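Notes for the one structure printed next.
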Amino acid sequence: MSKFNKTPFTANVWDLMHQPGELRERELDIVVPEKMGEGLVAVQAGATLEVDARLESLHDGILATVRVDTEASGVCGRCLKDIEMPVRVEFAELFAYSLDEAFDYQVEADHVDLEPLIRDAVVLALPFQPVCRPDCPGLDPVTGERLEDLPERAPQEEFDSRWSALTGLLGQSGSGAHAETGSDQTDREASTDTATDGETPSASPTEREKS
Ligand SMILES: [Zn+2]
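To convert, take the position in the sequence shown, counting from 1, and add 6; that gives the working numbering.
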């Protein structure tokens, strides 16, 4: 109790305590003291939390029903463009007069401290994969350019260079396919039943384990 500090997130409830049925509503604009969230978007320090708090005296303690509106900013998870998005969270929590296992929060020095609750609710509400718009096309996987800025281009298919030799062979089918690899090897009797393995240049085909 001695470590209680008054902050913009704390509200004095002295006049409500042990007065079941008493109610007070408060509107607070709180400047975020330090960033909320560690992901691609966060509520940055200096942003404003518009807090609507309803404090109600119950038999066991003070029930806080809170709504917070604020704005998160960061980058789109696909195209890395700067984005801002509104965040709204709502929660209700009882601050007990005496701490027991039933309640996680307690009235301290005639105050309730909304900061941990607001912080947790806001951080949980932040999207894990924020996007600037639902159909954001993201970045070109090859060039890293923002596809939205290049509307005429579809994402390039990644070309697998391992197939280029095969494409060349297909182009000259019928000419006997002078493959550079393996043409002078003597052990060729297995070639008929392994035709489908033909693309895989095997360095030593002498140890075929076909039965
Ligand atoms: Zn985007």
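Ideal Cβ placement from N, Cα and C applies to all residues, glycine included.
Bear in mind that the values here come from a model prediction, so they are computed numbers and not experimental data.
- Boundaries of the beta strand (DSSP E) around D58: T54 to S63.
- Going by DSSP, L100 is part of the beta strand (DSSP E) stretching over D88 to A102.
- Between the alpha carbons of E56 and V74 lies a gap of roughly 6 Å.
- Pairing P136 with L69 gives a Cβ-Cβ distance that is not under 8 Å.
- With 6 Å as the limit, the residues whose C-beta approaches any heavy atom of ligand 1 more closely are C82, R84, C85, K87, V137, C138 and C142, in sequence along the chain.
- Per DSSP, the beta-bridge partners of Q112 are A102.
- With a cutoff of 8 Å on beta-carbon distance, L132 and G43 are scored as near each other.
- Assigned with DSSP and collapsed to three states, A127 falls in helix.
- The three-state secondary structure of D35, taken from DSSP, is strand.
- Around the Cβ of T149, a 10 Å sphere holds fewer than 16 other Cβ atoms; the residue is exposed.
- Minimum Cα-Cα distance from H117 among the listed residues A102, E107, R125 and A108 corresponds to A102.
- Its chain contains E56, V57, D58 and A59 as the residues whose beta carbon lies nearer than 8 Å to that of E33, once the 5 sequence neighbours on both sides are disregarded; these appear in chain order.
- V38 is positioned such that its CB atom lies no closer than 8 Å to that of A17.
- For R84, there is no enclosing beta strand (DSSP E), as DSSP gives it neither H nor E.
- Comparing alpha-carbon positions, the option among C142, N11, V81 and T76 lying closest to V128 turns out to be T76.
- Measuring C-alpha to C-alpha distances from C85 to each of G144, Y111, L123 and N11 identifies G144 as the nearest.
- Annotated as proximal: A78 and V49, with beta-carbon spacing under 8 Å.
- DSSP places L156 outside both helix and strand once states are collapsed to three, so it counts as coil.
- Scanning L130, K12 and L29 for the CA closest to the CA of V93 turns up L130.
- In chain order, I36, D119, L120, E121 and I124 place their CB closer than 7 Å to the CB of F15, counting only its own chain and leaving out the 5 sequence neighbours on each side.
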